[in-house]
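Just so we're on the same page, the working numbering is the position in the sequence shown counted from 1, plus 14. Note that the Cβ used here is the ideal one computed from N, Cα and C, for glycine as well. Note sheet for the following structure.
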Amino acid sequence: MGVFEDAIEGYRRIRLLILDEWLLFPLNTTEARDLLEIVEAEARGIVHHLQLPVHS
């Protein structure tokens, strides 16, 4: 296996994936595809967090 496949296999072994500062910046096509692979590999539990500015 390659480096990417090894990384994805590592995500399959964790119980909870926490994504902090979730999509703070736009993703390009490759990054979006990689993120989808990670999310699909980790189906047991995902927490994502994003702080958006509050407009009054």
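Residue i versus residue j - alpha carbon distance
| i | j | result |
| --- | --- | --- |
| Glu51 | Phe39 | 19 Å |
| His69 | Trp36 | 19 Å |
| Ile28 | Gly59 | 9 Å |
Nearest-angstrom beta carbon gap, residue j and residue i [assumed within contact, 8 Å]
| i | j | result |
| --- | --- | --- |
| Ile22 | Ala55 | 5 Å |
| Val11 | Leu30 | In the structure displayed, the chain extends from 15 to 70; residue 11 sits before or after that span and is not available. |
Three-state class that DSSP yields for residue i in the structure shown
| i | result |
| --- | --- |
| Ile22 | helix |
| Ile60 | strand |
| Ile52 | helix |
| Val68 | coil |
Which listed residue (the options) has its alpha carbon closest to that of residue i
| i | options | result |
| --- | --- | --- |
| Gln65 | Gly16, Phe18, Asp34 and Tyr25 | Asp34 |
First and last residue of the uninterrupted beta strand (DSSP E) at residue i
| i | result |
| --- | --- |
| Ile32 | Leu31 to Leu33 |
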